[in-house]
Amino acid sequence: MMSTVVNDTSTGPHVAQLWKTRQDKVRTQWSSILLLTPALGLLAVLFLVPLAFAVYLGLTNLTLLGPTSVHWGFSGLANLIRLKSDTEFWSSLWTTAYFIGGSIVGVVVLGYVLASLLQRASTFLRVVVGGIVVVAWMMPAVTAGMTWYASTTGNGTISTLLGMPSSNFLDAQPLLIVTLANIWSMTGFCMLVMGAALRNIPLEAIEAAKVENASSWQRFRLIVLPLMRPTIIAVVLLTALLSLANFALIYIMTQGGPGTATNILPLYSYQQAFSFNNLAYGALIGNVMVLIATVFGILYVRIASR
Amino acid sequence: MKVSFMKKSTMSKVLAGTAVMAMAAGSAVVVGGTGAVAASKVSISIAYASDTTFDTTPLAYKWWGQVKKEFNAKYPNVTVNLIAVHGGEPDFLTKLALDYHNASSAPTLAQFPSTEIKLYQSSGYLMNMSPLLKGSSWFAQYPTVIKNEGNIGGKVYAVSAGENNNGIYYDKAILQKAGVKLPWQPKTWNDIITAAKAIKKAEPKVIPLWLNAGTAAGPNGANYGILNLLAGSSNPAIEDSSGKMVVSSSGLLQAFNFYHEAFADGLGAPTAQLFSPNNAPNIPSTDFAKGQLGIAISANFIGGNWTKQVSFPYWPQASTAMGVTGLPTANGKGYASTLSGWDFGISSHATSAQATAVMNFLNIAQDSTNLIDAGNWAGWVPPVKADWTVPLYTNFAAPFNEEFGKLLPYSSEVPSDANFSTWVQGIEQATGAIAEKPSTTGAQAVSQLKQYVTNQLGSSAVTSLP
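Protein sequences appear in the order of chains A and B.
Residue numbers for the first sequence, in the working numbering: 4 to 309.
Residue numbers for the second sequence, in the working numbering: 2 to 467.
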């Protein structure tokens, strides 16, 4: 009966009428704009305007001190041209990529392993180990930085335990150590998220696979991994964003050194703006970080909305 | 002034400054003279770094409090608003720079490092103090090198509150064990290396020679380290007459070669200490007190660190256990040291009534007792030469204070240009490279400095000298 009606009205003005009344069509209620105005206003004041100003600052000659701290103005593409040939910037970008990449791999693997082991652990062990890991995650970056600094330098905890008290791991492998410190401080978050995702995997699927004689690796690869894919991707992107913004940890541990070994973009931006007084150039490097974060952010939103 | 090593150790963004209060319009202040009293209310604000300038924060409060109290008793119609800025030196400098941006937040008087004077002056933030200093009894007693610290184009924009210079400290017992004749007075750089090698042989567990290296200690790490060697080298130039930064010279090569020789022979301190971003490990006063260090090229304030007031650490035996001497120049003719300090500058936004009130404040701050107290508590050599032999100064950290007073005339000022901080970063990275990888030669270190500074400042802002 329904199909007859549709067929009867498949041409002419009826189609337009039906389309207008369809419930799955995106509709605009103009009154909603009024309700959204406060949120839009806040977004503009707290994000869009500062962002636009930061972009503009990156194209000026503003300095913290000196003649151009007072009489400053638009300098065109000068800072961008400098950025292109700034070997320290490119070096810093690669250092940042290593720091973020290493952190992602470490956090995801360690977080999954811990979550998986705790699924099978006794309640007591789950509470104790889980608690310790979460405390590490909740620890302020300054405390985590000091802890790792004290542990990895000469006469520190790690070198003493290994029977090599004079070994200075932080200076020997600075980027590796600060990356490990970041992994250590973020694994708790990953473990919690992974643990929740693991608990949501239907036991029936695992049992069925066992009945079919699937090996542990096959169960992990063909059942667990596909079901946890959205969670893993979310953790990867959040770890990337949080690592990109992790200024304090490295600043406390190495201040970007020795030399420029751990000088990730946030530290280089700070150094340019406040140590060398180049506020505009520091702002430009900050804008590059915003671009990188935006890419990760868009990916996160797209994946989260699936 | 132990905490000055920490001057680059933390970050904080700037809050709005507490600032200059409007004073009564058309005020007519009775100027100068003992017991002079302002006819109408004037307010002045004074910004200082509470946690980095003096050896301890309580000592900073004590000194500023006592000067304010004396001033209030003498000038009851002037309101003094002391602005204690907390945090490390970078935090203080950032806050001050942003406060200076607006007339409403600019402090009438501020105390800042001498390396900032040109930057503030070129920004138009500082008042020409020359007319105010005419007839000043204390400023007239400054040695020329210190007078010139704030002199730009013939006008004085800042006056010294105290100075830091450098020399050589040595542990007498360790040198004796190493067979070095006391009192030790090295005539050349080679004498220093020879003594350090003898220490290494006689006392293998002792650090033979402390040389600051790397970027962890901030710009002062170079001031208290390699820049002293550069000052005593065949070409001590940091910038040329046109203001270009020197990135290659025979002087730089000499200084880097000394570092290479020291670290290649295993004479330097471990990088765990040198590269520590925290304050304590990169200051040699603790190592000396523990008997773990033989020789150090370091700043005048180390002697004060061993006093009870500072206790960093308290080491009453230091006066007899330690010796101090000047750093010889490379060619053995005289001594060499950098000179940097903290200065007072008046805001260009200050009214004439405020400027007069500030000068009256400085007259009290710079009287002999307050000036020496500041020197003792902040680890400075007082800028007035007559104070170098006053018992209040010499007895505080004997014999170190007196010795560094004697060495001050051999010192030379470090620049206060915008590009200096970038250049310092480059030279510290190069010394850090030598400390970390002692096979790095002096020539390679010069090349690293050149590459870094040229990349940061552009080829038009740097130069190479013979």
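Each residue gets a CB set at the ideal place from its N, CA and C atoms; glycine is no exception.
Being a predicted model, the structure only gives us computed values, none of them experimental.
- Between B:E429 and B:G222, the CB-CB gap stays under 8 Å.
- In this structure the stretch 287-303 of chain A touches the stretch 232-244 of chain A; the number of beta carbon pairs closer than 8 Å is three or more.
- Under the DSSP assignment, B:W307 falls outside any alpha helix (DSSP H); it carries neither an H nor an E label.
- The way I'd put it, the stretch 134-142 of chain B doesn't touch the stretch 97-117 of chain B; fewer than three beta-carbon pairs between them come closer than 8 Å.
- Burial of B:E403 is indicated by the presence of at least 16 other C-beta atoms within 10 angstroms of its C-beta.
- As the crow flies, the alpha-carbon of A:T31 is around 33 Å from that of A:I295.
- Assigned with DSSP and collapsed to three states, B:W389 falls in helix.
- For B:L120, the C-beta contacts it makes with chain A under 8 Å involve L68, G69 and N280, in order along the chain.
- For B:S123, the chain A residues whose C-beta falls within less than 7 Å of its own C-beta are G69 and P70, listed in chain order.
- One alpha carbon belongs to B:T442, the other to B:F257, and they sit about 8 Å apart.
- According to DSSP, residue pairing for B:V81 in a beta bridge involves B:I45.
- By the neighbour-count criterion, in which 16 or more other beta carbons inside 10 Å mark a residue as buried, A:I84 falls on the exposed side.
- Boundaries for B:Y101: no beta strand (DSSP E) harbours it, while the alpha helix (DSSP H) harbouring it runs E90 to Y101, taken from the DSSP string.
- Taking all protein chains in view, the Cβ of A:P143 is surrounded by fewer than 16 other Cβ atoms within 10 Å, so the residue is classified as exposed.
- Nearest to B:A434 by C-alpha distance, out of B:W381, B:L275 and B:Q177, is B:L275.
- Taking 8 Å as the cut-off, the beta carbon of B:E150 is found closer than this to the beta carbon of B:A159.
- Take A:R222, set aside five residues on each side of it, and the residues of its chain with a beta-carbon closer than 8 Å to its own are I209, A212 and K213, in chain order.
- Separation of B:V248 and B:A238 (C-alpha to C-alpha, rounded to the nearest whole angstrom) is 10 Å.
- For A:Q258, a Cβ of chain B is located within less than 8 Å of the residue's own Cβ.
- Residues of the stretch 414-438 of chain B that bring their beta carbon within less than 8 Å of a beta carbon in chain A comprise A419, S422, T423, Q426, Q430, G433, A434 and E437, in sequence order.
- For B:L294, the enclosing beta strand (DSSP E) starts and ends at L294 to A300.
- Nearest to B:L176 by C-alpha distance, out of B:G168, B:I200 and B:D100, is B:I200.
- In the structure shown, B:Y143 adopts coil according to DSSP, grouped into three states.
- Residue pairing by DSSP puts B:P114 in a beta bridge opposite B:W343.
- Within its own chain, the residues whose Cβ lies closer than 8 Å to the Cβ of B:I153, once the five positions on either side in sequence are excluded, are I118, K119 and Q122, listed in chain order.
- Listed in chain order, the positions of the stretch 69-88 of chain A with a beta carbon within less than 7 Å of a beta carbon of chain B are G69, P70, S72 and V73.
- Within chain A, the C-beta atoms nearer than 9 Å to that of B:A217 come from T257, Q258, G260 and P261, in chain order.
- Taking a cut-off of 8 Å on C-beta distances, the stretch 85-99 of chain A does not touch the stretch 224-235 of chain A, as fewer than three cross pairs fall below it.
- At a cut-off of 8 Å between C-beta atoms, B:A265 does not count as an interface residue with respect to chain A.
- Membership of B:V415 in any beta strand (DSSP E) is not indicated, and neither H nor E is assigned to it by DSSP.
- Annotation: B:N332 is outside any alpha helix (DSSP H) and is labelled neither H nor E by DSSP.
- Among the CB atoms of chain B, none fall inside 8 Å of the CB of A:T190.
- The Cβ-Cβ distance between B:F401 and B:G304 falls below 8 Å.
- A check of alpha carbon separations from A:A200 across A:F279, A:L128 and A:A237 identifies A:A237 as the nearest.
- Any Cβ of chain B closer than 8 Å to the Cβ of A:T182 would place that residue at the interface, and such an atom is absent.
- Contact with chain B is found for A:F277, since one of that chain's Cβ atoms lies less than 8 Å from the residue's Cβ.
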